[in-house]
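Q: Numbering (full-length UniProt numbering), first residue to last: 1 to 153. Even glycine gets a Cβ: it sits at the ideal position worked out from N, Cα and C. Before anything else, here's the structure in question.
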């Protein structure tokens, strides 16, 4: 028996009937076990966000094969998606305001191994975070937009 490998599928798409069924059905046909599934429906924007952590037997070309075969499912629902090995680090830029409690939480989770990210920089509109030892690379000036401007983004 091959070693069990874990992967994570993340996606977003317009809300519709049968999306979760299509994704989970695909994983069943691939003989994958769903370890964790989380979904969020943004009713005001009409979008579905889904993250599936799954496991199964490994093969040398498994990821490429699954990406190719899942693209058919993704096209049906106009999905933006990513399939990666679990634990593969994602490069991130963290943007932080004057209060750093969320930044500290993210850094703690990164260092403890709970959050597979590689912080490439921290951007802030306040000089308070200089103690991070060179991590703060940019200062972003505060910008104010009307709520109408925010809605158009």
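Helix, strand or coil: how does DSSP classify residue 32 here?
A: Coil at residue 32, not helix or strand.
Q: Could you say which of 116, 8, 84 and 100 lies nearest to residue 122 if we only look at CA atoms?
A: Comparing Cα-Cα distances from residue 122 to each of 116, 8, 84 and 100, the minimum goes to 100.
Q: Who are the near neighbours of residue 16 in its chain, counting only those whose CB is closer than 8 Å to its CB and skipping five residues on each side?
A: The answer, listed in chain order, is 48 and 77.
Q: Could you spell out where the beta strand (DSSP E) holding residue 123 opens and where it closes?
A: Element bounds for residue 123: 117-124.
Q: Please classify residue 79 as buried or exposed, where buried requires at least 16 other C-beta atoms within 10 Å of its C-beta.
A: Buried, since its Cβ has 16 or more Cβ neighbours within 10 Å.
Q: In the segment 25-87, which residue ranges form an unbroken alpha helix (DSSP H) of at least 4 residues, counting only runs that do not cross its ends?
A: Complete alpha helix (DSSP H) runs here, min 4: 62-76.
Q: Compare the Cα-Cα distances from residue 39 to each of 29, 21 and 103 and report the closest residue.
A: If we check each option's Cα against that of residue 39, 21 comes out closest.
Q: Provide the residue span of the beta strand (DSSP E) that contains residue 94, from first to last.
A: Per DSSP, residue 94 belongs to the beta strand (DSSP E) from 90-96.
Q: For the alpha helix (DSSP H) containing residue 105, name the first residue and the last one.
A: Element bounds for residue 105: 101-112.
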